[in-house]
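Chemist: Encoded as C-alpha cells, here's the structure I'll be asking about.
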Amino acid sequence: MLASGFFYILPRPDVNQSRHTLLDVIRGAAVLGILLMNIRLFSEPYAAYFSPLMLSAQSSLGHLWWQLQHLLADQKFMAIFSMLFGASTALICDKRIQAGQPPYGYYLRRQLILLAFGLVHAYLIWHGDILVYYAVCGVIPLLFVRAPAGLMLLCGLAILAVGSINSLTTFAALKQLPEHILFDVITQHFAHSALISQAELDAFSGSWFEQLAMRAQLAREFHLSTFPAWGVFRVSGLMLIGLALYRFGFISGHLSRRFYGYFALCTISAGITMSLAGLWFNHQQQWLFPDYFFKHTLWNYWGSVLTACGYMALLAYISLRGWLSRLRGYLSLVGRMALSNYLLQSLLCSVWFYGLGFYANTGAAGAILTIATVWMIQLGLSKWWLMHYPSGPAELLWRTLSGR
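In full-length UniProt numbering, the protein residues as written are 1 to 404.
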C-alpha cells in the first residue's frame, strides 16, 4: 500500500472485495462529510459561516439547518482529515524506511506538489481550499515521526492550545478597550461584514473574471490572516494527534470493539454537548461580537476534536462488527481517490453555484439536495473509475510528479 496524506492510494483495486481497510472507510466518510460544511462557503458569503444572522435568506428552516451543520459537521470532518494526514505520514515514512530508502526527500517533494495543487485550487476554482494548509503543516508530523506516541499526543494538544489561547488573548484585549471604542469596533465589524458580503454576492453572481478577483482576495485572507492566526495551530496540532492515534493502533482498528463502542459514545456525546454549549451562549448574547467570534467558538474548537475522534471510533466499531458492508465498500472506494473526490466537489459546486447562478439563491432545502446529488455522483463515479484505473486521476498525477 502507498499512503498519501489523507488521500490514500492503493494498488489496482478489486471493487468487489468484501474486506475494506478502515483508513479508506474513514477517509471516504470524511470527504463526503466535509461537504456538509463546505456547502455553506460555496453557497453563501463568508460571514454566514460564522453566524446565522448573516445568512442571505432568513428562515426557520435555514436557522435549523445552520445549527445542525454546526453541531454535527463544523470542524469535525476537517479534524478527521488532519488526523488522517498525520497518520499517513507514519505510513509513508515506515514504508520507505522498511525498503531501505530515506523518506524525507520524497515526503517533502510530495508536500511541494500538494502545495501547487492547493494554490491552483484556491485561486482558480474555490477559495475555501484546505490543501495549502496541509502542504505547509504537513512538515510538522514529519519531525515527530520517530518520537514516542505519548510525546506526539502531548505536543499536538499543546499546539492546539496555542490556537485557543490566541483567540482568548484577542478577546481579552478587545474587552479591555474603553466602552465607546469597543462600540465603534463592534459597529465597524458588522458594517465591514455586510460590505464584504455584498461584494461577494455581486462578484459571485457576475462574470468569471469578477469571481476570480474575489476568489483571490478571499484566498489571500485565508492564507495570510486566518492561517497564521488559527489554521497553523489547528491543523498542525491535529496532525500530531492523528500520528499518535495511529501509533496507538486507534486509527488502524487494532483496538477492541468494546473500546471503540464506549469511546464513540462518550466522545461524540461530550463533543456535541460542548458545541451545543457554545451555540447556546451565542444565542443568549445574540451573536455579539467579539464574544461569538473569539470566545464562544472555542467550545466547538475543542468539542469538534472529541466528536471527530468519536466518529472515527464509531466507524471502527461498525467495521469490526461487520455491519453496513455495502456502504463501507462504497466509502472505501471514495476514500481511495479522496483527493480526486475533494477536487471534484469543488468543480461540481463551483459550476452549480457560480456558473449556473444558484449562489445565495439556494436555501437549506436546495443545499441538502445539492449535497445528496454530489454524494450520489461521487459514490457512483468512484466505483466506476476504480473498476478501470488503479487510482484516482489526481492521485496518479501527484504520485507521478513526486517521483520515487
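Backbone N, C-alpha and C define an ideal beta-carbon position, used for all residues, glycine too.
Are the CB atoms of Gly150 and Val132 nearer to each other than 8 Å?
Modeler: Their beta carbons are not under 8 Å apart, which means Gly150 does not touch Val132 by this criterion.
Chemist: Using a 10 Å radius around the Cβ and a threshold of 16 neighbouring Cβ atoms, would you call Ile97 buried or exposed?
Modeler: Ile97 comes out exposed.
Chemist: According to DSSP, is residue 406 helix, strand or coil?
Modeler: The question about residue 406 has no answer, for the chain in this structure spans 1 to 404.
Chemist: From Arg257 to Leu315, what does the alpha carbon distance come to, in whole angstroms?
Modeler: So the alpha carbons of these two residues sit roughly 11 Å apart.
Chemist: Quick one: is Ala191 buried, meaning 16 or more other Cβ sit within 10 Å of its Cβ, or exposed?
Modeler: Classification of Ala191: exposed, given that the 10 Å Cβ count is below 16.
Chemist: Excluding five sequence neighbours on each side, which residues of the same chain lie with their C-beta closer than 7 Å to the C-beta of Ala216?
Modeler: Taken in chain order, the residues that qualify are Tyr123.
Chemist: On the three-state DSSP scale, how would you describe Val132?
Modeler: In the structure shown, Val132 sits in a helix (DSSP, three-state: H, G or I).
Chemist: What do you reckon, are the CB atoms on Gly271 and Ser82 nearer than 8 Å?
Modeler: No, Cβ-Cβ distance for Gly271 and Ser82 is not below 8 Å.
Chemist: Can you list, in chain order, the stretches of the alpha helix (DSSP H) that have 4 or more residues and sit fully within the UniProt domain "DUF418" (245–402)?
Modeler: Segments of the alpha helix (DSSP H) lying fully in the UniProt domain "DUF418" (245–402): 257–284, 297–321, 325–336, 338–350, 363–388, 393–402.
Chemist: So for Asp184, helix, strand or coil by DSSP?
Modeler: Looking at Asp184 - three-state DSSP - the assignment turns out to be helix.
Chemist: Exposed or buried, which one is Asn16 when buried takes at least 16 other CB atoms within 10 Å?
Modeler: Confidence at Asn16 is low in this model, with a pLDDT of 36, below 50, so the placement of that residue should be treated as unreliable; the coordinate-derived value is given next. Result: exposed.
Chemist: Which of the three DSSP states, helix, strand or coil, is assigned to Thr226?
Modeler: Of the three classes helix, strand and coil, the one that applies to Thr226 here is helix, per DSSP.
Chemist: Would you kindly work out how many angstroms separate the C-alpha atoms of Ser350 and Ala394, rounded to a whole number?
Modeler: If I take the Cα positions, the gap works out to 18 Å.
Chemist: Between the segment 146–166 and the segment 279–287, do at least 3 Cβ pairs fall closer than 8 Å?
Modeler: The segment 146–166, when compared against the segment 279–287, does not touch it at the 8 Å Cβ threshold.
Chemist: Use the C-beta contact count for Lys175: other C-beta atoms within 10 angstroms, 16 or more gives buried, fewer gives exposed.
Modeler: The residue in question, Lys175, is exposed, as its Cβ has fewer than 16 Cβ neighbours within 10 Å.
Chemist: Indicate whether Leu61 and Ala365 have their beta-carbon atoms separated by less than 8 Å.
Modeler: Taking 8 Å as the Cβ cut-off, Leu61 and Ala365 qualify as a contacting pair.
Chemist: For Glu44, which three-state DSSP category applies?
Modeler: Here Glu44 sits in coil by DSSP.
Chemist: Measuring from the CB of Leu195, is there a heavy atom of the ligand HEM at a distance below 7 Å?
Modeler: The ligand HEM is absent from the structure shown, which contains no ligand whatsoever.
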